[in-house]
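Working notes for the structure below.
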Amino acid sequence: MSHEQFQHCIDECIKCMLACNHCYDACLNEDHLEGMKECIRLDRECADICAFAAQAMSHHSSYVKELCRICADVCEACGNECKKHEHEHCQRCADACFSCAKACRAMAS
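So for the sequence shown, the numbering used here puts the first residue at 11; every next one is plus one.
Following this line, the structure appears as structure tokens:
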């Protein structure tokens, strides 16, 4: 795997982590917090797995493909949940999640 391929996926994971952290924080301030529970939960989980995947790729872990596959699955789940909500922060998060999932799927193949 080339450095450029790793770097692109690392960058996507970091962007997704930041978007999920922002979405998580913004969701906590929404009026209908009850309806945001799954979005908040997935934002946290997605941010954590993206950070871990980026770290694993940065030191060329022998489990990069497996971790990227899992990261892609979590990103897709988070993106699908965020897409359900009309808030701008949720829509931006969904876009970041789908972009990261695509990059991670490429790394996993």
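Quick reminder that beta carbons are idealized off the backbone N, C-alpha and C, glycines included.
In whole angstroms, what separates the C-alpha of residue i from that of residue j?
| i | j | result |
| --- | --- | --- |
| Arg-79 | Ile-24 | 16 Å |
| Ile-20 | Asn-39 | 29 Å |
| His-70 | Gln-17 | 11 Å |
| Gly-45 | Gln-15 | 38 Å |
| His-97 | Ala-104 | 11 Å |
Whose C-alpha, out of the options, is nearest the C-alpha of residue i?
| i | options | result |
| --- | --- | --- |
| Cys-92 | His-69, Cys-114, Asp-21, Glu-48 | Glu-48 |
| Asp-53 | Gln-101, Arg-115, Gln-17, Ala-116 | Gln-101 |
| His-32 | Cys-81, Val-84, Leu-77, Cys-107 | Cys-107 |
| Glu-86 | Arg-115, Ala-36, Ser-119 | Arg-115 |
| Ser-119 | Asp-105, His-99, Tyr-73 | Tyr-73 |
| Leu-28 | Gly-45, Asp-58, Leu-43 | Asp-58 |
| Cys-37 | Leu-77, Lys-112, Ser-109, Lys-94 | Lys-94 |
Helix, strand or coil: how does DSSP classify residue i here?
| i | result |
| --- | --- |
| Asn-39 | coil |
| Glu-86 | helix |
| His-32 | helix |
| His-18 | helix |
| Lys-94 | coil |
The alpha helix (DSSP H) that contains residue i, what's its start and end?
| i | result |
| --- | --- |
| Ser-68 | 47-68 |
| Ser-109 | 98-118 |
If I measure Cβ to Cβ from residue i and keep anything under 6 Å in the same chain, skipping five residues before and after, which residues do I get?
| i | result |
| --- | --- |
| Cys-88 | Leu-52, Cys-56, Cys-107 |
| Ala-61 | Met-27 |
| Ala-111 | Ala-82, Cys-85, Glu-86 |
| Met-64 | Looking at the sequence provided, one finds Ala at residue 64 rather than Met. Cβ neighbours of Ala-64 beyond the five flanking positions: Ile-20, Cys-23, Ile-24. |
Give me, in chain order, the residues of the same chain whose beta-carbon lies closer than 8 Å to that of residue i; leave out the 5 immediate sequence neighbours on both sides.
| i | result |
| --- | --- |
| Met-117 | Met-11, Gln-15, Phe-16, Cys-19, Met-67, Val-74, Lys-75, Cys-78 |
By Cβ distance below 7 Å, which residues in the same chain neighbour residue i in space, the five residues on each side in sequence not counted?
| i | result |
| --- | --- |
| Ile-50 | Tyr-34, Cys-37, Leu-38 |
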